[in-house]
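First comes the structure, then the notes that go with it.
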Amino acid sequence: MARRLIHRLGASTLALLRAIDILACTLWLAPLYVFGLADRPSGRQMISSYVGKAMVNGHRWARIVGGVIDWVFLPIDGKPDHCIRAYRHYKGRD
Numbered sequence: 013m014a015r016r017l018i019h020r021l022g023a024s025t026l027a028l029l030r031a032i033d034i035l036a037c038t039l040w041l042a043p044l045y046v047f048g049l050a051d052r053p054s055g056r057q058m059i060s061s062y063v064g065k066a067m068v069n070g071h072r073w074a075r076i077v078g079g080v081i082d083w084v085f086l087p088i089d090g091k092p093d094h095c096i097r098a099y100r101h102y103k104g105r106d
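Just so we're aligned, residue 13 is where the sequence shown starts under my numbering, counting upward by one.
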């Protein structure tokens, strides 16, 4: 019983964190889109995948931001290039 509760709590927490990430990305992109400085926000895109797309497209700011995000996620998922992997995973789904 306790294991199921912990599992469900973990799954719910991940879903909540994902929703916060998507909201933050939308709030970040919306004003930039209004002034023609970013792609139209889809309301489904995470910050990591947006930064990964910008990295693939050669934007200098994205290499800096992506480096920080990749560094934060390295101990979590144990794999390098988090942003580019996120972009490739979600590519075409927006």
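Just so you know, even glycine gets a beta-carbon here, dropped at the ideal spot from N, CA and C.
All values reported here derive from a predicted model rather than from experimental measurement.
Checklist entry - Counting along the chain, where does the alpha helix (DSSP H) carrying G78 start and finish? => result Translated into the one-based positions of the sequence shown, residue 78 becomes position 66. Membership of G78 in the alpha helix (DSSP H) is indicated by the continuous run R72 to D89.
Checklist entry - Taking Cβ to Cβ, would you say M67 is nearer than 8 Å to R56? => result In the sequence shown, the residue the question calls residue 67 occupies position 55. In the sequence shown, the residue the question calls residue 56 occupies position 44. Result no, Cβ atoms of M67 and R56 do not sit closer than 8 Å.
Checklist entry - What is the rounded straight-line gap between the Cα of M13 and the Cα of R20? => result Translated into the one-based positions of the sequence shown, residue 13 becomes position 1. Translated into the one-based positions of the sequence shown, residue 20 becomes position 8. M13 and R20 have their C-alpha atoms spaced approximately 11 Å apart.
Checklist entry - For I59, which of G48, V46 and F85 has the nearest alpha-carbon? => result Taking the sequence shown and counting its residues from 1, one reaches residue 59 at position 47. Cα-wise, what sits closest to I59 is F85.
Next on the checklist: What residue range does the alpha helix (DSSP H) around M67 cover?
Outcome noted: Counting from 1 along the sequence shown, the entry for residue 67 is found at position 55. Run containing M67: I59 to V68, per the alpha helix (DSSP H) assignment.
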